[in-house]
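Reading the sequence shown from the start, the letters are residues 20 to 338 in this note's numbering.
A short worksheet on the structure shown next.
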Amino acid sequence: MADQPFALIVAGPTCSGKSALALDLAGRLDGTVINADAMQCYRELRVITARPTPEEEARVPHRLYGVRPAAEPGHAAWWRGAALAEMEAARAQGRLPILCGGTGLYFWSLVHGIAEIPPVPEAARTEARLRLAEHGPEALHAALAAVDPATAARLHPSDSQRLARAWEVWRGTGQGLAAWQARPGEKAPWRFAVLLLDPPRTDLRAAIAQRFGAMLAAGALAEVQALAALGLDPALPAMRAHGVPELLAHLRGEIPLEEAARRAELVTGQYTKRQATWFRHRALVDPACLHTIHARVASLAQFSERESEQIMSFIRRAG
C-alpha cells in the first residue's frame, strides 16, 4: 500500500467547518478540494447548500461543486467515478486531493468500493414513481418492508426519493438494494487519512441558526424561487435539500418566513445528529489514519501552535 497515492478526507456533520478547514489545508499543502457533499453537487443550489463562494473557489482549485443539474439525481456510483477522476487529475498536477463533505455513503463507496447495480428497466422506475404519487411515502415504505426489510429498516418513511429508488431496484432486478450494497466492491487504489470534525452539539446548533440567517441574507429565498420555477419533481433530491421544502412552503404562502427558518434549522440539526452518529460508528479507515477534532473549525488559526502542529504532523505521517 505504501506505493499507492495518498488522499486526505475532511469529514463531519453539516456546519462543523469542513469547507473552511479544507480550504486552509489546500492552501498550505498545494491541495485540490473535491466535493463529497451530495447536495453541493447541484448547480442550482449554491446559497442554500453553503457551497464555497466564488472568492474561495478562486483561492485553490475546487472540483465537483455545482456540476450536476437539479433535474438529474446524483448517486454514490456516479460520484465515486467522478471523484476518482478528479483525484487522478490532481495527482497529475502534483496536488494533494482533499475530499471534503458530510455524505457518509459517498466516502464509504470511495474507500471500500460499491457493488454495481444493473440498469433498472424504465417500467420499474415508472411503477415506483406511480406508487409514490398515488399512495404516498409511508405506504411505499410499508410495501418495501414486506419485500426488502433490510433496506426499509435503513430508510425513513418520509424519504420518498430513496424509497422510490429502493422499490425500483427490487422490481427491476429481483433483489433488494441492501443485498446489492452488501456485495463487495472494488476498493480505491489509494491510501486515505481522515480528519473528522466532531464539535459539541451546542456549537452546531448555534452555527446552524447563524448560517441559515446568512443564507437568507445572501439570497437563498430567490434561489429557491428560481428552483421552483423549473417545475421539477418534488421527490428529487435537490428539491429536498435542507431549507428547500421549508422555503417553498413559505413561497406558497403556507407559513411565515420565520417559521420556515425555524423548521429548516430543526431538520438540519436532526440531520447533523445522524451524520455524527454515522461517522462515529463507521470505520472508514484504520484508527491510526483517523484524527478527530472536537471543535467547530473556522481555520487552523483558531488552534494553538501545538494543536495545529498535531494536525499537520498527522497528515505528514499518513501521507
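Glycine included, each C-beta is placed from N, C-alpha and C at the ideal position.
Distance CB(residue i)-CB(residue j) smaller than 9 Å
| i | j | result |
| --- | --- | --- |
| ALA254 | LEU151 | yes |
| PRO24 | TRP209 | yes |
| ALA183 | ALA147 | yes |
| ASP167 | ALA143 | no |
| ARG315 | ALA226 | yes |
| ILE334 | LEU27 | yes |
| GLY132 | GLY250 | no |
DSSP-derived helix/strand/coil call for residue i
| i | result |
| --- | --- |
| PRO92 | coil |
| PRO279 | A small fix is needed here, since residue 279 is Ala in this sequence, not Pro. Looking at ALA279 - three-state DSSP - the assignment turns out to be helix. |
| PRO219 | coil |
| HIS1 | In the structure displayed, the chain extends from 20 to 338; residue 1 sits before or after that span and is not available. |
| LEU309 | strand |
| HIS17 | The requested residue 17 is not part of the displayed model; the chain covers only 20 to 338. |
| VAL166 | helix |
| ALA236 | helix |
| GLU75 | helix |
| ALA158 | helix |
| LYS206 | coil |
| GLN180 | helix |
| ASP43 | helix |
| GLY36 | coil |
Per DSSP, cross-strand counterpart(s) of residue i
| i | result |
| --- | --- |
| CYS119 | VAL29 and ASN54 |
| TYR61 | ARG87 |
| ALA212 | LEU27 |
| LEU82 | Sequence check: residue 82 is Arg here, not Leu. Partner(s): ILE53. |
Residues near residue i by beta carbon distance below 8 Å, same chain, minus five either side
| i | result |
| --- | --- |
| SER156 | Note that residue 156 is Pro in the sequence shown here, rather than Ser. Excluding sequence neighbours, PRO156 sits near PRO176, SER177, ASP178, SER179 and LEU182. |
| ALA39 | VAL316, ALA317 and SER318 |
Contact set for residue i: own chain, Cβ-Cβ below 6 Å, skip 5 residues either direction
| i | result |
| --- | --- |
| ALA228 | GLU284 |
| LEU124 | ALA95 |
7 Å Cβ shell around residue i - same chain, five flanking residues per side excluded
| i | result |
| --- | --- |
| GLY121 | ALA30, GLY31, PRO32, THR33, LYS37, ASP56 and GLN294 |
| THR287 | THR33, ILE227 and HIS261 |
Would the region 194-209 count as touching the region 291-301 if we require 3 or more Cβ pairs under 8 Å?
no
Are at least three pairs of beta-carbons, each pair with one atom in the region 265-284 and one in the region 106-117, less than 8 Å apart?
no
Across the region 48-58 and the region 94-108, are there enough close Cβ pairs to call them in contact, namely three or more that are closer than 8 Å?
yes
Could you check whether the region 230-247 touches the region 61-81, counting it as contact only if at least three pairs of C-beta atoms, one from each stretch, sit closer than 8 Å?
yes
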